[in-house]
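Asks:
There are 2 protein chains.
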Amino acid sequence: MATARIPEATVARLPVYLRSLTELAADGQATTSSDILAERAGVNAAKVRKDLSYLGTHGTRGVGYDVRHLVFEVSRALGVANTWPVIVCGLGNLGRALANHTGFTERGFPVVAAIDVDAELVGTTIDGVAVHSPDKLAEVVAAEGVAIGVIATPAAAAQETADLLVAAGIRSILDFSPTVVSVPPDVEVRAVDLSTELQILGFHLQRDLPPEVNL
Amino acid sequence: MATARIPEATVARLPVYLRSLTELAADGQATTSSDILAERAGVNAAKVRKDLSYLGTHGTRGVGYDVRHLVFEVSRALGVANTWPVIVCGLGNLGRALANHTGFTERGFPVVAAIDVDAELVGTTIDGVAVHSPDKLAEVVAAEGVAIGVIATPAAAAQETADLLVAAGIRSILDFSPTVVSVPPDVEVRAVDLSTELQILGFHLQRDLPPEVNL
DNA sequence: GTGCGCTTGTGAATTCGATCACGAGTTCCG
DNA sequence: CGGAACTCGTGATCGAATTCACAAGCGCAC
Numbered sequence: 001m002a003t004a005r006i007p008e009a010t011v012a013r014l015p016v017y018l019r020s021l022t023e024l025a026a027d028g029q030a031t032t033s034s035d036i037l038a039e040r041a042g043v044n045a046a047k048v049r050k051d052l053s054y055l056g057t058h059g060t061r062g063v064g065y066d067v068r069h070l071v072f073e074v075s076r077a078l079g080v081a082n083t084w085p086v087i088v089c090g091l092g093n094l095g096r097a098l099a100n101h102t103g104f105t106e107r108g109f110p111v112v113a114a115i116d117v118d119a120e121l122v123g124t125t126i127d128g129v130a131v132h133s134p135d136k137l138a139e140v141v142a143a144e145g146v147a148i149g150v151i152a153t154p155a156a157a158a159q160e161t162a163d164l165l166v167a168a169g170i171r172s173i174l175d176f177s178p179t180v181v182s183v184p185p186d187v188e189v190r191a192v193d194l195s196t197e198l199q200i201l202g203f204h205l206q207r208d209l210p211p212e213v214n215l
Numbered sequence: 001m002a003t004a005r006i007p008e009a010t011v012a013r014l015p016v017y018l019r020s021l022t023e024l025a026a027d028g029q030a031t032t033s034s035d036i037l038a039e040r041a042g043v044n045a046a047k048v049r050k051d052l053s054y055l056g057t058h059g060t061r062g063v064g065y066d067v068r069h070l071v072f073e074v075s076r077a078l079g080v081a082n083t084w085p086v087i088v089c090g091l092g093n094l095g096r097a098l099a100n101h102t103g104f105t106e107r108g109f110p111v112v113a114a115i116d117v118d119a120e121l122v123g124t125t126i127d128g129v130a131v132h133s134p135d136k137l138a139e140v141v142a143a144e145g146v147a148i149g150v151i152a153t154p155a156a157a158a159q160e161t162a163d164l165l166v167a168a169g170i171r172s173i174l175d176f177s178p179t180v181v182s183v184p185p186d187v188e189v190r191a192v193d194l195s196t197e198l199q200i201l202g203f204h205l206q207r208d209l210p211p212e213v214n215l
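Quick mapping for you: the protein sequence lines, in order, are chains A and B.
Read left to right, the first sequence gives residues 1 to 215 (our numbering).
Read left to right, the second sequence gives residues 1 to 215 (our numbering).
1) Quick one: residues in its chain with C-beta nearer than 8 Å to the C-beta of ASP127/B, no 5 flanking neighbours on either side, listed in chain order?
2) Quick one: Cα of GLY62/B to Cα of THR31/B, how far?
3) Between GLY79/B and PHE203/A, how many whole angstroms is the CB-CB distance? I'm expecting something under 8 Å.
4) Nearest chain B C-beta to GLU73/A closer than 8 Å, yes or no?
5) What residue from PRO178/B, VAL88/B, GLN29/B and SER20/B has the CA that sits closest to THR102/A's CA?
6) Does the distance from the C-beta atom of ARG190/A to that of ASP208/A stay below 8 Å?
7) Closer than 9 Å by beta-carbon distance: list the chain A residues that pair up with GLY108/B, in chain order.
8) Express the C-alpha separation of ARG96/A and VAL88/B in angstroms, rounding to a whole number.
9) Find out if the Cβ-Cβ distance for the pair LEU94/B, ALA158/B is shorter than 8 Å.
10) Among residues of its own chain, excluding the 5 on either side of PRO7/A, which ones have a beta-carbon nearer than 6 Å to its beta-carbon?
11) How do the segment 55-72 of chain A and the segment 12-32 of chain A stand: do at least 3 beta-carbon pairs fall below 8 Å, yes or no?
12) My understanding is that PRO85/B touches GLY145/B, with C-beta atoms under 8 Å, so please give their C-beta distance in whole angstroms.
13) For chain B, check one thing: does any of its Cβ atoms lie closer than 8 Å to the Cβ of PRO7/A?
14) Check whether the Cβ atoms of ILE173/B and VAL187/B sit closer than 8 Å, and answer yes or no.
15) Skipping 5 residues on each side, what residues in its chain have a beta carbon closer than 8 Å to that of HIS58/B?
16) CA-CA distance, TYR54/A and GLY42/B?
17) Straight-line CA distance for ARG171/B to ASP66/A?
18) Straight-line CA distance for ALA2/B to ALA77/B?
19) Between the C-alpha atoms of PRO184/B and GLU120/B, what's the straight-line distance to the nearest angstrom?
20) Which ranges would you report for the alpha helix (DSSP H) in the segment 28-107 of chain B if only whole runs of at least 4 residues count?
21) VAL129/A and VAL140/A look like a contact to me (Cβ under 8 Å); what is the Cβ gap, rounded to whole Å?
22) Return no unless some Cβ of chain B is closer than 8 Å to the Cβ of GLY145/A.
23) According to DSSP, HIS132/B sits in a beta bridge with which residue or residues?
24) Buried or exposed, going by whether 16 or more other CB atoms sit within 10 Å of the CB of LEU14/B?
25) Can you find the residues in the same chain that come closer than 6 Å, C-beta to C-beta, to TYR17/B, ignoring five residues on each side of it along the sequence?
26) Using only alpha-carbon positions, find the residue among PRO154/B, GLU160/B, ALA162/B and ALA168/B that is nearest to ALA143/B.
27) Could you give the distance in angstroms between the alpha-carbon of LEU137/A and the alpha-carbon of VAL166/A?
28) Taking SER182/A as the query, report the chain B residues whose CB atoms sit under 9 Å from its CB, ordered along the chain.
29) Excluding the 5 residues flanking ASP193/A on each side, which residues of the same chain have their C-beta closer than 6 Å to its C-beta?
30) Could you tell me which of SER34/A, SER182/A and LYS47/A sits nearest to THR60/A, measuring between CA atoms?
31) Determine the direct distance from the alpha carbon of GLY28/A to that of VAL180/A, and round the result to whole angstroms.
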């Protein structure tokens with residue numbers, strides 16, 4: 001019962017397993033194996049088995065896993081039954097795209113509000129999402145039961161936005177700005193930095209084309 | 001000269017260091033220490049020193065690092081001098097935001113073209129980016145010297161898109177679709193999955209609020 | 001020039017994650 | 001019922017990344 005500690009690396013893979021399992025279920029597969037799951041999730045079979053073992057999940061030796069039961073187990077581990085309302089801060093290109101993104105609501109992360117400094121936007125709604133001014137943030141968070149803040153502001157406003165979110169009681173932040181925001185230790189920040197991702201790809205490209213030696 | 005192997009984890013941090021260093025330079029700091037850099041980059045000082053040591057970089061004991069020199073070293077390691085043209089595949093909410101995003105060009109990743117299946121869009125330009133039909137992909141890639149493909153299509157089209165990119169000779173892919181695409185081993189894929197990120201945050205939220213025991 | 005405070009660079013220790021390899025349970029066939 | 005084929009669960013091993021801790025180098029003050 002006491003779900004022992006699940007390693008961070010495993011947690012990061014659970015959503016992928018869950019998607020693969022959902023597909024398998026949709027395909028009418030009643031049962032599956034670590035090999036098949038591994039193939040679908042793009043990892044190796046031993047890792048799948050070890051990851052699933054942390055859930056206390058029991059497959060059946062010689063047979064495999066029951067797809068529906070595994071969907072249930074992984075869902076429970078991830079807490080998919082819960083709904084975590086999200087607020088999007090910053091309605092530039094990216095913020096707008098995120099506010100509109102339908103995939104979030106489907107997975108239990110409805111975007112319930114947005115924040116922007118632009119007085120023209122405040123008071124309007126964007127795809128059904130009401131836009132508020134930053135100084136209303138705490139109020140909105142409380143009213144809507146917001147659990148997760150998304151930072152999609154320009155870099156210069158990111159730290160300030162993070163501070164507002166923290167002050168409003170938010171403890172989970174998804175940060176798309178190209179900065180490192182600092183927050184109290186009990187707040188979790190996941191940074192998604194598109195430029196960094198590209199730069200990592202660029203690094204490897206450069207590495208694979210070595211003839212160019214210096215600048 | 002022979003830049004020994006730089007660990008993957010270090011490569012992923014170099015862009016962050018580079019940003020911090022650029023800020024420090026803009027602030028007029030001529031010199032800095034691993035402590036200050038660590039603070040700015042959100043990591044610890046020993047890690048900064050070890051990471052920088054892989055670059056063969058030499059700071060000065062008792063003094064610290066010369067900011068300009070370090071900017072130069074990190075830039076060279078990352079190959080920032082190079083320009084890697086990008087093509088965006090799929091012009092939904094996210095694809096459009098990415099195509100418009102100005103930050104990419106600034107960092108050497110200009111979006112030079114876009115692909116979409118929608119016949120209404122093909123032939124138009126979105127923020128100066130020409131939209132082509134998927135069957136022109138190889139042609140466009142060759143003409144524009146595209147180095148990196150971004151997949152921003154719906155999940156169902158992601159694998160197909162990846163196959164097209166690979167066939168067109170692309171070896172670096174940034175994948176925003178909530179899927180695992182399979183590609184030949186010499187192609188690098190970095191997956192950025194927004195739903196997964198949210199689910200990981202959700203997992204920790206659930207963990208920190210344990211009173212709810214079962215469902 | 002000597003000593004002190006500061007900061008780097010790096011071997012050593014530790015932690016964490018990935019992978020291997022195999023024992024054990026299950027099904028099915030003859 | 002016996003054996004073959006299959007697949008899970010997991011201890012053991014391996015490797016990568018992080019962290020520790022300290023010797024060595026530098027600059028300044030006196």
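All C-beta atoms in this analysis are idealised placements derived from N, C-alpha and C, irrespective of residue type, glycine included.
All values reported here derive from a predicted model rather than from experimental measurement.
Replies: Put simply:
1) Working through the second sequence from its first residue, we reach residue 127/B at position 127. Spatial neighbours of ASP127/B in its own chain (CB-CB distance under 8 Å, excluding positions within 5 residues in sequence) are listed in chain order as ALA99 and ASN100.
2) Within the second sequence, the letter at position 62 stands for residue 62/B. Within the second sequence, the letter at position 31 stands for residue 31/B. Straight across, the Cα-Cα distance linking GLY62/B with THR31/B is about 12 Å.
3) Here residue 79/B refers to the residue found at position 79 of the second sequence. Here residue 203/A refers to the residue found at position 203 of the first sequence. So it is a contact: roughly 6 Å between Cβ atoms.
4) Mapped onto the first sequence, residue 73/A falls at position 73. Not closer than 8 Å to any Cβ of chain B, the Cβ of GLU73/A fails to qualify, so no.
5) Residue mapping note: residue 102/A aligns to position 102 of the first sequence, counting from 1. Checking every option, the nearest Cα to that of THR102/A belongs to PRO178/B.
6) Residue numbering aside, residue 190/A sits at position 190 when the first sequence is read from its first letter. Residue numbering aside, residue 208/A sits at position 208 when the first sequence is read from its first letter. The Cβ atoms of ARG190/A and ASP208/A lie no closer than 8 Å to each other.
7) Taking the first residue of the second sequence as position 1, residue 108/B is located at position 108. For GLY108/B, the chain A residues whose C-beta falls within less than 9 Å of its own C-beta are LEU198, GLN199 and GLY202, listed in chain order.
8) Locating residue 88/B in the second sequence gives position 88, counting from the first residue. Locating residue 96/A in the first sequence gives position 96, counting from the first residue. If I take the Cα positions, the gap works out to 18 Å.
9) Counting from 1 along the second sequence, the entry for residue 94/B is found at position 94. Counting from 1 along the second sequence, the entry for residue 158/B is found at position 158. Pairing LEU94/B with ALA158/B gives a Cβ-Cβ distance that is not under 8 Å.
10) In the first sequence, residue 7/A corresponds to position 7, counting from 1. Within the same chain, PRO7/A has no close Cβ partners at all.
11) Yes, since at least three Cβ pairs between the segment 55-72 of chain A and the segment 12-32 of chain A fall closer than 8 Å, the two stretches touch.
12) Residue numbering aside, residue 85/B sits at position 85 when the second sequence is read from its first letter. Residue numbering aside, residue 145/B sits at position 145 when the second sequence is read from its first letter. So it is a contact: roughly 6 Å between Cβ atoms.
13) Taking the first sequence and counting its residues from 1, the one referred to as residue 7/A is at position 7. Using beta-carbon distances, PRO7/A does not count as an interface residue toward chain B, since no partner is under 8 Å.
14) Indexing the second sequence from 1 puts residue 173/B at position 173. Indexing the second sequence from 1 puts residue 187/B at position 187. Yes, they are a contact pair.
15) For the purposes of this step, residue 58/B is identified with residue 58 of the second sequence, where counting begins at 1. There are no such residues.
16) Residue mapping note: residue 54/A aligns to position 54 of the first sequence, counting from 1. Residue mapping note: residue 42/B aligns to position 42 of the second sequence, counting from 1. Going from the Cα of TYR54/A to the Cα of GLY42/B covers about 30 Å.
17) Within the second sequence, the letter at position 171 stands for residue 171/B. Within the first sequence, the letter at position 66 stands for residue 66/A. Taking the straight line joining both Cα atoms gives about 37 Å.
18) Here the question's residue 2/B lines up with position 2 in the second sequence. Here the question's residue 77/B lines up with position 77 in the second sequence. Model confidence at ALA2/B stands at a pLDDT of 43, short of 50, so the residue's coordinates are unreliable; what they give is reported in the following sentence. Straight-line spacing of the CA atoms in ALA2/B and ALA77/B works out to 11 Å.
19) If you number the second sequence from 1, residue 184/B lands on position 184. If you number the second sequence from 1, residue 120/B lands on position 120. Spanning the two alpha carbons is a distance of roughly 33 Å.
20) Taken in chain order, the unbroken stretches of alpha helix (DSSP H) that lie wholly in the segment 28-107 of chain B and span 4 residues or more are 34-41, 45-54, 67-78, 93-100 and 102-106.
21) Taking the first residue of the first sequence as 1, we reach residue 129/A at position 129. Taking the first residue of the first sequence as 1, we reach residue 140/A at position 140. Your pair VAL129/A and VAL140/A does not check out as a contact, with CB atoms roughly 11 Å apart and the cut at 8 Å.
22) Residue mapping note: residue 145/A aligns to position 145 of the first sequence, counting from 1. Output row for GLY145/A: interface = no.
23) The count along the second sequence starts at 1 and reaches residue 132/B at position 132. Per DSSP, the beta bridge partners of HIS132/B are ILE115/B.
24) One-based indexing of the second sequence puts residue 14/B at position 14. So LEU14/B ends up on the buried side.
25) In the second sequence, residue 17/B corresponds to position 17, counting from 1. ALA41 and VAL74.
26) For the purposes of this step, residue 143/B is taken as residue 143 along the second sequence, with counting starting at 1. Restricting attention to PRO154/B, GLU160/B, ALA162/B and ALA168/B, the CA atom closest to the CA of ALA143/B is found in ALA168/B.
27) Taking the first residue of the first sequence as 1, we reach residue 137/A at position 137. Taking the first residue of the first sequence as 1, we reach residue 166/A at position 166. Cα to Cα, LEU137/A sits roughly 10 Å from VAL166/A.
28) As a first step, residue 182/A must be located in the first sequence, where it is residue number 182. Those are GLU39 and GLY42, listed as they occur along chain B.
29) For the purposes of this step, residue 193/A is taken as residue 193 along the first sequence, with counting starting at 1. PRO178, listed in sequence order.
30) Counted from its first residue, the first sequence places residue 60/A at position 60. Among SER34/A, SER182/A and LYS47/A, the Cα nearest to that of THR60/A belongs to SER34/A.
31) Along the first sequence, one-based indexing puts residue 180/A at 180. Along the first sequence, one-based indexing puts residue 28/A at 28. C-alpha separation (whole angstroms): 45 Å.
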